[in-house]
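Under the numbering used here, residue 187 is the last one in the sequence shown; the count climbs by one each step, no gaps.
Don't be surprised by glycine CBs; every beta carbon is placed ideally from N, CA and C.
Note sheet for the following structure.
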Amino acid sequence: RRCVSIGFLQGHKMPFSLTTSRLILRDFTPDDRDTFIAQCQHPHYQRFYHPSDHTQDALTTRVAEFINEATMTPRSRYHLAIVEKASQRQIGVAGMRLEDNANAAIGFGLNVNEHGKGYAFEAMTTLLEFGIASYGIKRIYADTLVENRPAVMLCQRLGLIEFELSDQPDILRGTNVQPVRLFGSVL
Numbered sequence: 001r002r003c004v005s006i007g008f009l010q011g012h013k014m015p016f017s018l019t020t021s022r023l024i025l026r027d028f029t030p031d032d033r034d035t036f037i038a039q040c041q042h043p044h045y046q047r048f049y050h051p052s053d054h055t056q057d058a059l060t061t062r063v064a065e066f067i068n069e070a071t072m073t074p075r076s077r078y079h080l081a082i083v084e085k086a087s088q089r090q091i092g093v094a095g096m097r098l099e100d101n102a103n104a105a106i107g108f109g110l111n112v113n114e115h116g117k118g119y120a121f122e123a124m125t126t127l128l129e130f131g132i133a134s135y136g137i138k139r140i141y142a143d144t145l146v147e148n149r150p151a152v153m154l155c156q157r158l159g160l161i162e163f164e165l166s167d168q169p170d171i172l173r174g175t176n177v178q179p180v181r182l183f184g185s186v187l
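Structure below.
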């Protein structure tokens with residue numbers, strides 16, 4: 001069973017969180033920085049990104065952006081730390097960006113040691129259920145690379161389908177990989 005915890009205490013916004021039987025999805029804190037950097041700098045994780053995306057400075061900035069997002073009103077971005085309940089370890093990130101016309105972009109990443117355990121699916125299902133219930137999301141999309149088969153497969157498991165293949169190679173990464181956009185509609 002999932003629950004949402006949002007509230008105010010003495011005029012201060014409480015940290016946002018969603019929970020499942022195995023996971024807590026919560027706002028990032030400064031204490032998450034080193035774990036997030038280690039996750040993103042792992043060679044297996046980096047193979048789908050440009051090296052400049054995962055420098056110490058770039059990732060420190062990204063965590064600061066995640067933390068800042070939680071203070072925005074109204075909130076339109078949710079980049080949440082995925083925490084395994086049993087160990088209280090931060091194991092990844094689940095993201096949702098709200099857009100116009102009830103659209104939302106999603107993204108996710110897990111520590112490579114946590115792949116294959118169903119955590120990303122569990123986290124993204126929970127985050128999407130929250131987005132649908134709270135914001136009336138009707139259409140979801142994710143951008144990834146064709147070569148990132150685990151991400152494509154997870155998106156398909158979430159109900160997204162390959163909709164658009166770019167005819168341009170991924171210029172940002174500096175290679176000839178093909179980006180793909182996956183779409184899904186909420187019924």
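Which of helix, strand or coil does DSSP assign to residue i?
i: Tyr-78; result: strand
i: Phe-66; result: helix
i: Ser-185; result: strand
i: Met-14; result: coil
Identify the continuous beta strand (DSSP E) that holds residue i and give its terminal residues.
i: Thr-19; result: 17 to 19
What is the residue span of the alpha helix (DSSP H) that residue i lies within?
i: Arg-33; result: 33 to 41
i: Asp-27; result: Looking at the DSSP string, Asp-27 is not in any alpha helix (DSSP H); the run it does join, the beta strand (DSSP E), is 23 to 27.
Cutting at 8 Å between CB atoms, please list the residues of its own chain near residue i, excluding the five before and the five after it.
i: Asn-148; result: Phe-48
i: Phe-121; result: Leu-154, Arg-157 and Leu-158
i: His-115; result: Pro-150
With a CB to CB cut of under 7 Å and the five nearest residues on each side skipped, what residues in its chain are close to residue i?
i: His-79; result: Phe-28, Phe-66, Glu-69, Val-93 and Gly-95
i: Lys-85; result: Arg-22, Leu-23 and Ile-24
i: Ile-137; result: Ala-102, Ala-104, Gly-131 and Val-186
i: Thr-126; result: Arg-2, Leu-18, Thr-20 and Leu-25
i: Tyr-135; result: Leu-98
Going by alpha carbons, who is nearest to residue i out of the options?
i: Arg-75; options: Pro-30, Thr-60 and Pro-15; result: Pro-15
i: Val-63; options: Thr-73, His-44 and Cys-40; result: Cys-40
i: Asp-57; options: His-44, Phe-36, Pro-43 and Asn-111; result: Phe-36
i: Leu-59; options: Ala-81, Arg-33, Tyr-45 and Gln-46; result: Arg-33
i: Val-112; options: Asn-103, Glu-162, Pro-150 and Leu-18; result: Pro-150
i: Thr-144; options: Ile-137, Lys-138 and Val-152; result: Val-152
i: Ile-73; options: Arg-26, Thr-61 and Leu-98; result: Checking the sequence shown, residue 73 turns out to be Thr, not Ile. The residue with the shortest Cα to Cα distance from Thr-73 is Leu-98.
i: Val-146; options: Arg-181, Pro-43 and Ser-134; result: Arg-181
i: Tyr-119; options: Ser-52, Val-83 and Pro-43; result: Val-83
Excluding the 5 residues flanking residue i on each side, which residues of the same chain have their C-beta closer than 6 Å to its C-beta?
i: Gly-107; result: Gly-95
i: Gly-184; result: Ile-140, Gly-159 and Leu-160
i: Gln-46; result: His-54
i: Gly-109; result: Gly-92 and Val-93
i: His-12; result: Low per-residue confidence applies at His-12: pLDDT is 45, beneath 50, and the placement is therefore not dependable, though the value from the model is reported in the following sentence. Excluding residues within five positions, none has a Cβ falling inside 6 Å.
i: Ala-81; result: Arg-26, Phe-28, Asp-32 and Gln-90
Please give the ranges of any alpha helix (DSSP H) in the region 89 to 173, keeping only runs that are unbroken, at least 4 residues long and fully inside the region. Assignment of alpha helix (DSSP H) within the region 89 to 173, counting only whole runs of 4 or more residues, yields 119 to 135 and 149 to 157 in chain order.
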